[in-house]
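>
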Amino acid sequence: MLSRAIPKNLSCIRRYNSSPFGDVYTSNVRIGKLCREGKMDLARKLFDEMPRRDVVTWNAIITGYWKNGFIQESKRLFDSMPLRNIVSWNSMIAGCIQGGRIDVAFLYFFKMPERNIASWNVMIAGFIRHGMIEEAVKLFEEMPRKNVISYTAMVDGYAKIGEMNKARQLFESMPSRNEVSWTVMISAFVESNQFDEARELFGRMPYKNVISVTAMITGYCKEGNMEDARVLFEEIELQHRDDVSYNAMITGYAQNGRGEEALRLLVDMICSRLRPDQYTLVSILAACSGLASLTQGKQTHALVFKYRLDTQVSVGNAVITMYSKCGSLLDLESAFEHICTPNIVSWNTIITAFAQHGLYEKALCFFKKIQVHGIEPDGITFLSLLSACCHAGRVKESLYWFDSMKNIYKVAPRCEHYACLIDILGRSGQVENAYKMIQEMPFEADLGVWGALLAGCRFSLNIELAELAAQEIIKLDAKNSGAYVMLSNIYAASGLWRKVTQVRRLMKENEVKKQAAFSWMEIDNKVHYFVGGDASHLAVDKIHTVIIQLYSQMENIT
DNA sequence: CGAGAGCCAT
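Reminder that position 356 of the first sequence reads as 356 in UniProt numbering, one-by-one numbering, no gaps.
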């Protein structure tokens, strides 16, 4: 025992005495730590002061520079280092990839004197990150030896381009797998909505960690199965629960219309001494939007500043949506102005906000400002603009913008654009023109397009087109309750009562159920719910009086 | 000191 302990201690003493700054090894570790903490100035000071450096010292500082976004400095040091090893080259290649220069990375990979598995893996992952799957496959096939990381990266690559069969085949053919490989495959299934496959794989996975469990939680959330998601979340031991697993759960609640639970989990997260990040607050803001609760929304907005997340664009965008959905139009523009560098999502968000409130002119004004800021409008920009036309009843304008989108801005229309136009045409009584447009579409119409046509038929009571649209919808989705209900309403409005009965019978036969819609509003911290035909509210008489007043006001306008 | 994984906004 003693003989083993003594040389170890002696070697420590010898190493530490070799220089007044501690030995090279100790300083290398300190540089690595400073780099990871983002303290590049301190790391550089230590680097400059070292009397002796080895290749690890250089590699550490070079890696530190590109990881913190200083690619140029990293390259300068790489070019001036006295002696490079494989790690130096690999690190430089990774840095180039991080900086978006896959071409330079490949140049280094090409001219490095000697490669190891990591060199190939770095390059493969780089190609995958840049969507260059063919190049990745080529390297993967050419590389002399592969390890579990090479395989896992390739599985991920196939999954990212939607080649699920190839991903799965490669995964099954791997000589060995670890928790990362399993997690990649599970996430791939979740991403492509193959939840049964994801669940099956998760069950087979021999060792699970918080990352794989979070991937599966996300799967349950996407499926709308919040109960099983919560069970998994509760199974993570407290010390392993981290910000990402909380975010997955909170996002799930927010996206499944369970805002209260999202808010409760945020409180839980803060009590667990975890710091909410931009992911957390984006989802919490979405939860407030879903609840249409300005009170909660404003409190969350305060949290944005408390956690210093107001500089994050994604958070700023979510704040805009929150104020819009909570009906606070006054805060919209100031929220937008607070975003330091608005991206295309920010512009689309504010245009959508004005569109939803029928403010076409405002929406148009922001649309015109986009290009002044050097940003190109995308498909969603035009969808927002078309939706602004729709909510403001601007038929001519919608056709104009649809046209310029294709011909001037060179943005290819998708089903959503057609659905929006068809909605507008239908509302203005031009349901035949809408149908003509569907026939001229360069690709197959989807549920949304046919749904818009069917909805349009209720304005002009076009039975023939309504039946056609409903048929197409049921072809695509047999259990689509909306189509049955809408068709039956159109029959009813036309006095075709026998047809109404037929549709209702068909619904029963096909086990299609329509769940009752409801609305709600928050007054003085109390939420009031309203269901169609429901007279249970205490102030129901007063409410009806106001509704009648509103009706007569609306009639006076039109 | 280098390679592969989970959470966000229109």
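Glycine included, C-beta positions come from ideal geometry on N, C-alpha and C.
Keep in mind it's a predicted model, so treat the numbers as computed, not measured.
From this set, 306, 301 and 378, which residue's C-alpha is nearest residue 332's C-alpha?
Measuring from the Cα of residue 332, the nearest candidate turns out to be 301.
> Could you spell out the range, first to last residue, of the alpha helix (DSSP H) harbouring residue 30?
From DSSP, the alpha helix (DSSP H) with residue 30 extends over 24 to 36.
> Between which residues of its own chain and residue 463 is the CB-CB distance below 8 Å, once the five residues before and five after are set aside?
Cβ neighbours of residue 463 beyond the five flanking positions: 457, 490, 491, 494 and 496.
> For residue 409, which option in 375, 311 and 438 has the closest C-alpha, if you only look at C-alpha atoms?
Residue 409 has its Cα closest to that of 375, out of 375, 311 and 438.
> From residue 328 to residue 337, what distance separates their C-alpha atoms?
The straight-line gap from Cα to Cα measures roughly 16 Å.
> According to DSSP, is residue 411 part of a helix, a strand, or is it coil?
Residue 411 falls in the coil class under three-state DSSP.
> My parser needs the alpha helix (DSSP H) runs of 4 or more residues fully inside the segment 305 to 387; what are they?
Entirely contained in the segment 305 to 387, the alpha helix (DSSP H) runs reaching 4 residues are, in chain order, 313 to 325, 330 to 338, 344 to 356 and 360 to 372.
> Should residue 231 go down as buried or exposed, given a rule of 16 or more other Cβ atoms within 10 Å for buried?
Classification of residue 231: exposed, given that the 10 Å Cβ count is below 16.
> Between residue 560 and residue 81, is the Cβ-Cβ spacing less than 8 Å?
This structure cannot speak to residue 560, because the chain is shown only from 1 to 558.
> Going by DSSP in three states, residue 512 sits in which element: helix, strand or coil?
The answer is coil: DSSP assigns residue 512 none of H, G, I, E or B.
> Under 6 Å Cβ to Cβ from residue 428, same chain only, skipping five residues before and after it: list those, please.
395.
> Which same chain residues, not among the five before or five after residue 155, have their C-beta less than 7 Å away from its C-beta?
Contacts found: 167, 170, 171, 181, 184 and 185.
> Considering only C-alpha positions, which residue in the set 372, 426 and 203 is nearest to residue 398?
Measuring from the Cα of residue 398, the nearest candidate turns out to be 426.
> Taking the alpha helix (DSSP H) that residue 248 belongs to, which residues open and close that run?
Element bounds for residue 248: 243 to 255.
> Does DSSP put residue 428 in a helix, in a strand, or in coil?
Residue 428 falls in the coil class under three-state DSSP.
> Under 8 Å, do residue 38 and residue 59 count as touching if we go by C-beta distance?
No; because the gap between Cβ atoms is not below 8 Å, this pair is not in contact.
> Which residues in the same chain have their Cβ closer than 8 Å to the Cβ of residue 449, if we skip the five residues on either side of it in sequence?
These residues qualify, in order along the chain: 415, 418, 419, 422, 438 and 441.
> With C-beta atoms as the reference, is residue 390 less than 8 Å away from residue 424?
In this structure, residue 424 lies closer than 8 Å to residue 390 by Cβ.
> If you compare alpha carbons, which of 234, 249 and 207 is closest to residue 218?
Residue 249 is the option with its Cα nearest to residue 218.
> Excluding the 5 residues flanking residue 242 on each side, which residues of the same chain have their C-beta closer than 8 Å to its C-beta?
The residues are 210 and 274.
> Tell me whether residue 207 is buried or exposed, calling it buried when 16 or more other Cβ atoms sit within 10 Å of its Cβ.
Exposed is the call here.
> Is residue 297 closer than 8 Å to residue 322 when the C-beta atoms are compared?
The answer is yes: Cβ separation under 8 Å.
> Going by DSSP in three states, residue 535 sits in which element: helix, strand or coil?
The answer is coil: DSSP assigns residue 535 none of H, G, I, E or B.
> Measuring only the C-alpha atoms, how far is residue 157 from residue 443?
If you take the alpha carbons of residue 157 and residue 443, they lie about 28 Å apart.
> So, using beta-carbon positions, are residue 290 and residue 316 closer together than 8 Å?
No. Outside cutoff.
> State the Cα-Cα distance for the pair residue 149 and residue 175, rounded to the nearest angstrom.
Distance between the alpha carbons of residue 149 and residue 175: 11 Å.
> With the cut-off set at 8 Å, would you say residue 292 and residue 326 are in Cβ contact?
For residue 292 and residue 326, yes; Cβs fall inside 8 Å.
> Among 143, 83 and 133, which one has its Cα closest to the Cα of residue 110?
The candidate whose alpha carbon is nearest that of residue 110 is 143.
> Expressed to the nearest angstrom, what Euclidean distance is found between the alpha-carbon atoms of residue 516 and residue 531?
Distance between the alpha carbons of residue 516 and residue 531 is about 7 Å.
> Ends of the alpha helix (DSSP H) at residue 212?
From DSSP, the alpha helix (DSSP H) with residue 212 extends over 210 to 223.
> On the three-state DSSP scale, how would you describe residue 45?
Looking at residue 45 - three-state DSSP - the assignment turns out to be helix.
> For residue 276, which residues from the same chain have a beta carbon less than 6 Å from its beta carbon, with the 5 sequence-adjacent residues on both sides left out?
307, listed in sequence order.
> Pick helix, strand or coil for residue 473, following the three-state DSSP scheme.
Note: residue 473 maps to helix in three-state DSSP.
> Is it right to say residue 239 is buried, meaning 16 or more other beta carbons lie within 10 angstroms of its own, or is it exposed?
With fewer than 16 other Cβ atoms within 10 Å, it is exposed.
> Measuring alpha carbon to alpha carbon, tell me which residue in 47, 411, 71 and 453 is nearest residue 433.
For the residues 47, 411, 71 and 453, the minimum Cα distance to residue 433 belongs to 453.
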